Amino acid sequence: MTRLLPFKRDARQKQARVIVQILGGLGNQMFQYALGRAISERIGAPLLLDTSVIDYAHQETHRCYDLDIFRLQPTFATRADVSRYHSHGASWVGKVAHRLRGGTRAPEIVRQYKFGYQPAILDLRPPLYIEGYWQSYRYFAS
């Protein structure tokens, strides 16, 4: 039984992530990164960037990942990382299945439905997948 303790600890650390979806041009990407970093630093969870939307839409919109000009050296989310969030969704069935598989807290997908400062996002706990533009300096002003 003691052999399982390190596995459980690692599994919890792996679940406690903040993934931010990166999309749009450089300005949008800067706000998305800044919000994700502010949240991850506040709660002590690693930040991962999901560039799959840009990677897929690049042929249509000619948008690409532009944050590399700042030499941030981020960690990028893999398809497996992202699918953990989207496979559970917001349904109660997905959340129950996640708990039955040994998950401690079901991943939460946070979508920005309106523009403007929404301070409640700063109080959320991981695991989080964040979608939106989040164009306010107040998310990272402190």
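Position 22 of the sequence shown, counted from 1, bears residue number 22 in full-length UniProt numbering, the numbering being contiguous throughout.
For every residue, glycine included, the Cβ atom is placed at its ideal position computed from N, Cα and C.
Computed from a predicted structure; not experimentally measured.
Inter-residue Cα distance where the pair is residue i and residue j
| i | j | result |
| --- | --- | --- |
| residue 128 | residue 109 | 6 Å |
| residue 81 | residue 19 | 9 Å |
| residue 63 | residue 84 | 26 Å |
| residue 49 | residue 116 | 22 Å |
| residue 30 | residue 67 | 7 Å |
| residue 55 | residue 32 | 16 Å |
| residue 69 | residue 27 | 12 Å |
| residue 73 | residue 114 | 30 Å |
| residue 43 | residue 137 | 19 Å |
| residue 124 | residue 135 | 18 Å |
| residue 121 | residue 60 | 31 Å |
| residue 152 | residue 34 | A query on residue 152 cannot be resolved here, the shown segment of the chain reaching from 1 to 142 and no further. |
| residue 86 | residue 71 | 29 Å |
Whole-Å CB distance - residue i paired with residue j, under 8 Å assumed
| i | j | result |
| --- | --- | --- |
| residue 45 | residue 17 | 6 Å |
| residue 133 | residue 24 | 7 Å |
| residue 112 | residue 131 | 7 Å |
According to DSSP, residues forming a beta bridge with residue i
| i | result |
| --- | --- |
| residue 109 | 129 |
| residue 50 | 21 |
| residue 75 | 48 |
Residue i classed as buried or exposed, judged by whether at least 16 other C-beta atoms fall within 10 angstroms
| i | result |
| --- | --- |
| residue 145 | Residue 145 is absent from the model: the chain starts at 1 and stops at 142. |
| residue 36 | buried |
| residue 77 | buried |
| residue 51 | buried |
| residue 21 | buried |
| residue 47 | buried |
| residue 40 | buried |
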